[in-house]
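First to last, the protein sequences are chains A and B.
Sequential numbering from 1 applies to the first sequence in the numbering used here.
Sequential numbering from 289 applies to the second sequence in the numbering used here.
Written out below as structure tokens is the structure these notes cover.
2 protein chains.
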Amino acid sequence: MNLSQLKSFLAVVDTGSFGAASRELGISQPAVSQHVRKLEQSLEVCLIERGTVCVPTHRAVAFVRHARTLIEIAERARLSLHSDELRVGASSNVGTYLIQPIFAQFMNESEIKGKLTIASNPEVAEKLQQGEIDVAAMEWWNEADPESRRFHNEIWREEPLVLIVGPGHRWAGRRLVQADLLEEENLLGGESGTGTGRVISEGFGSIAGKLKVTQVLGSTEVVKEGVKAGLGVSLVLRSAVKEELEAGSLYQVNLRGIKLKKRLQLITSSNLPETSCARKFCEYAMKI
Amino acid sequence: MNLSQLKSFLAVVDTGSFGAASRELGISQPAVSQHVRKLEQSLEVCLIERGTVCVPTHRAVAFVRHARTLIEIAERARLSLHSDELRVGASSNVGTYLIQPIFAQFMNESEIKGKLTIASNPEVAEKLQQGEIDVAAMEWWNEADPESRRFHNEIWREEPLVLIVGPGHRWAGRRLVQADLLEEENLLGGESGTGTGRVISEGFGSIAGKLKVTQVLGSTEVVKEGVKAGLGVSLVLRSAVKEELEAGSLYQVNLRGIKLKKRLQLITSSNLPETSCARKFCEYAMKI
DNA sequence: ACACGTTACGGCAACCGTAAGGATT
DNA sequence: AATCCTTACGGTTGCCGTAACGTGT
């Protein structure tokens, strides 16, 4: 069984005749006959009912579908190697609030074509490992994973995490509060797998264990709405709430003696050639 | 690009060496080298990074996945031809209330292995045309469709449709009501695409246009619950409500002068050999 | 020296096109 | 007679194993 045999088989099924199939494929008609015969021999099944029009055998009907997807995937596999597109992935927050303008500028200036995919942090990591994207802008990258050795990571930004409260909250408008007062608050969690937990436990020290994340809301957008509604407070990337802080729909409160930072990283395959689009994009992003 | 080349490539990726791959595949080691080289040549890309361990190139990472699915689908395609299983499909009602015991008996007596798939009527039709099932027991089969010529259909049962009402309904317990009174009732519709509409318009004649199906609930189970809850009345296959009628949780009411029947059919591919499991199953089902 | 991948080479099978052969309409 | 698929045949190519050859440890 091989792909050209399958192509001939499908051409016969589609055109209804061996001759038409041969013309469509640009090969001789006996070649088509041979392809189909070989296929039938190797599979030990009659595939085509020869008649005034040729149709797939009853048994072969399901096989036709499989054959089609085979050809299709083979084509996709080929394309996956030759796409000169730059495929950038970014975790939700980074993608939503930080990467987009940079990505757009880069495409403009370099005239490199590309695609930006925004997904959750773990999904982006998965896509990177699967080769579905070339560069990932992420909030958290597990360096401990042995798989990570195949990749190169670079700290791109150090973005502050800020404590936000809603306009109705008793801290709204205050500049500074004592960190341990946070133990009393409902802390809303956003997207999981973004390393926020780690940043908190490193930043808060002994207090960290006493904080309780009461709800995990899945996305920063939902968290913001939750905080606005008075459901609780939250720690989010400053860049994610820039507009709300300016508009006054959310309030930032600093915690005495505590500075939380998230290291945003750019990840690429190691061993990328200097000339690769992915490298260029990283350099560009680092400069800005 | 061909399948054995891909297999060699994957074996190298999985084992990390050409030699191990050759042993795994039971071919010579230069053959593996050649496979990979040919693949690389035909795709014009370097796929494997030769080193103390061999790993896929950055560009090839996505290709590995595609290659795997290709091999997998090729295998499935092969199996789809040689499965000697009898694959029976049945639309929801037929499958749930009528076919199951017959199918089980048939498997027992004939020692033929098989699988029963129950899905909506249109889905079953689709599966039959796609060759995913060999026999379909259906409530409605569109003979007008030109595709239907490739199939043979046989009327298996004529199952009465009965009007059911809930225990709280004013007709509960009555044997007979005037048909045109149905115009005042909320008629609940079940699974669509089962031809009930057609049966109704044929059976009711001029009244048919005045009946209004107020809700389409998707499945007979849901309809039964709806009728029990007093949401309305419905027309369902008698076999679907046998137990409820006996238990008294639903009531059957006859309509004066009207008999509704649904023709349940067995559909197979035409041109099936006499000895095929599908034919045998049909004969068996017809006898019982 | 050893393990490993590549290159070289030869026999065999596969492939494809041309040409001829049946079958059906 | 025309159309269509199959069979037959020959030149070319591809495939795979053995053996020899680099290379790095």
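Glycine included, every Cβ here is placed at the ideal spot set by N, Cα and C.
What span of residues does the alpha helix (DSSP H) with residue i cover, start to end?
i, result
"L367 of chain B", "349 to 370"
"Y572 of chain B", "565 to 575"
"N409 of chain B", "409 to 417"
"K242 of chain A", "242 to 247"
"Q503 of chain B", "Element bounds for Q503 of chain B: not the alpha helix (DSSP H) but the beta strand (DSSP E), 501 to 504."
"G226 of chain A", "220 to 228"
"G544 of chain B", "The sequence shown places Arg at residue 544 of chain B, not Gly. Where R544 of chain B is concerned, there is no enclosing alpha helix (DSSP H), given that its DSSP letter is neither H nor E."
"L294 of chain B", "291 to 303"
"S42 of chain A", "29 to 43"
Ends of the beta strand (DSSP E) at residue i?
i, result
"R445 of chain B", "439 to 453"
"R311 of chain B", "Here R311 of chain B belongs to no beta strand (DSSP E); instead the alpha helix (DSSP H) covers 306 to 313."
"R486 of chain B", "That residue, R486 of chain B, is in no beta strand (DSSP E); its alpha helix (DSSP H) goes 484 to 492."
"I387 of chain B", "From DSSP, I387 of chain B is part of no beta strand (DSSP E); its letter is neither H nor E."
"K210 of chain A", "Where K210 of chain A is concerned, there is no enclosing beta strand (DSSP E), given that its DSSP letter is neither H nor E."
"S269 of chain A", "260 to 269"
"V88 of chain A", "86 to 91"
"A577 of chain B", "One cannot answer for residue 577 of chain B here, as it falls past the ends of chain B, which runs 289 to 576."
"G477 of chain B", "475 to 477"
"S522 of chain B", "521 to 525"
"A424 of chain B", "423 to 426"
Rounding to the nearest angstrom, what Cα-Cα distance links residue i and residue j in this structure?
i, j, result
"R353 of chain B", "Q130 of chain A", "8 Å"
"R175 of chain A", "L163 of chain A", "11 Å"
"G307 of chain B", "C342 of chain B", "11 Å"
"E571 of chain B", "S371 of chain B", "21 Å"
"V541 of chain B", "M395 of chain B", "37 Å"
"I71 of chain A", "L79 of chain A", "13 Å"
"R347 of chain B", "N93 of chain A", "27 Å"
"V487 of chain B", "R526 of chain B", "14 Å"
"A144 of chain A", "W429 of chain B", "59 Å"
"I27 of chain A", "T357 of chain B", "29 Å"
"T384 of chain B", "L3 of chain A", "42 Å"
"E427 of chain B", "G483 of chain B", "7 Å"
"Q329 of chain B", "G203 of chain A", "53 Å"
"R50 of chain A", "L416 of chain B", "22 Å"
"S398 of chain B", "V300 of chain B", "46 Å"
"P455 of chain B", "G193 of chain A", "54 Å"
"I495 of chain B", "L469 of chain B", "10 Å"
"A104 of chain A", "A21 of chain A", "46 Å"
"F9 of chain A", "V32 of chain A", "8 Å"
"H169 of chain A", "P101 of chain A", "33 Å"
"I400 of chain B", "F569 of chain B", "10 Å"
"S201 of chain A", "L272 of chain A", "35 Å"
"G230 of chain A", "L98 of chain A", "27 Å"
"S17 of chain A", "R23 of chain A", "10 Å"
"K210 of chain A", "E183 of chain A", "6 Å"
"S270 of chain A", "K115 of chain A", "21 Å"
"G218 of chain A", "K242 of chain A", "20 Å"
"E123 of chain A", "G197 of chain A", "18 Å"
"V165 of chain A", "E191 of chain A", "18 Å"
"T15 of chain A", "L25 of chain A", "11 Å"
"A413 of chain B", "P434 of chain B", "13 Å"
Thinking residue i and residue j are a contact (beta carbons under 8 Å), I'd like their distance in whole angstroms, please.
i, j, result
"H440 of chain B", "T563 of chain B", "Between T563 of chain B and H440 of chain B the Cβ distance is about 16 Å, and since that is not below 8 Å, they are no contact."
"V45 of chain A", "L369 of chain B", "5 Å"
"D422 of chain B", "A566 of chain B", "4 Å"
"V515 of chain B", "L538 of chain B", "6 Å"
"E159 of chain A", "L39 of chain A", "So it is not a contact: roughly 58 Å between Cβ atoms."
"A284 of chain B", "R544 of chain B", "The question about residue 284 of chain B has no answer, for chain B in this structure spans 289 to 576."
"E244 of chain A", "K224 of chain A", "6 Å"
"A365 of chain B", "A77 of chain A", "A365 of chain B to A77 of chain A, Cβ: 16 Å. No contact."
"E132 of chain A", "A535 of chain B", "No, E132 of chain A and A535 of chain B are not in contact; Cβ-Cβ is about 56 Å, not under 8 Å."
"W156 of chain A", "A285 of chain A", "6 Å"
"L161 of chain A", "V236 of chain A", "7 Å"
"P56 of chain A", "L43 of chain A", "At roughly 13 Å, the Cβ-Cβ gap does not stay under 8 Å, so P56 of chain A and L43 of chain A are not in contact."
Is it true that the segment 402 to 414 of chain B meets the segment 370 to 381 of chain B, where meeting means three or more beta-carbon pairs spaced less than 8 Å apart? Contact between the segment 402 to 414 of chain B and the segment 370 to 381 of chain B is present: three or more C-beta pairs spanning the two stretches fall below 8 Å.
Whether or not the segment 459 to 476 of chain B and the segment 487 to 505 of chain B are in contact is what I'm after, with contact meaning three or more pairs of Cβ atoms, one per stretch, closer than 8 Å; do they touch?
Verdict: yes, contact present.
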